[in-house]
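In the working numbering, the protein residues as written are 135 to 219.
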């Protein structure tokens, strides 16, 4: 099982449109060694003080409300703010 972190990393896979990964800027270097660059996934990075949940919302097509699926490994500290998206 992957570790959970206090900083949100989210892969947004909309039913229509392009995928986006929202990741803390300090994790950007680790993406270079992943499949993300090859797959053409858009990368939206954020720093402390930014609103990563707002970046997730921007990556979702259409207007609220939207249905969002999450894994059971997502901690409440990320799930609850996403409920407001």
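No residue lacks a Cβ here, since even glycine has one placed at the ideal position from N, Cα and C.
| Check | Outcome |
| --- | --- |
| Beta-carbon spacing of residue 179, residue 158 below 8 Å | yes |
| Collapsed DSSP secondary structure at residue 190 in the structure displayed | helix |
| CA-to-CA distance, residue 167 to residue 214, given in whole angstroms | 31 Å |
| Neighbour-count burial assignment, residue 205, 16 or more Cβ in a 10 Å radius | exposed |
| Residue range of the beta strand (DSSP E) that includes residue 170 | Taken as a continuous stretch (DSSP letters only), residue 170 belongs to no beta strand (DSSP E), being part of the alpha helix (DSSP H) at 170-173. |
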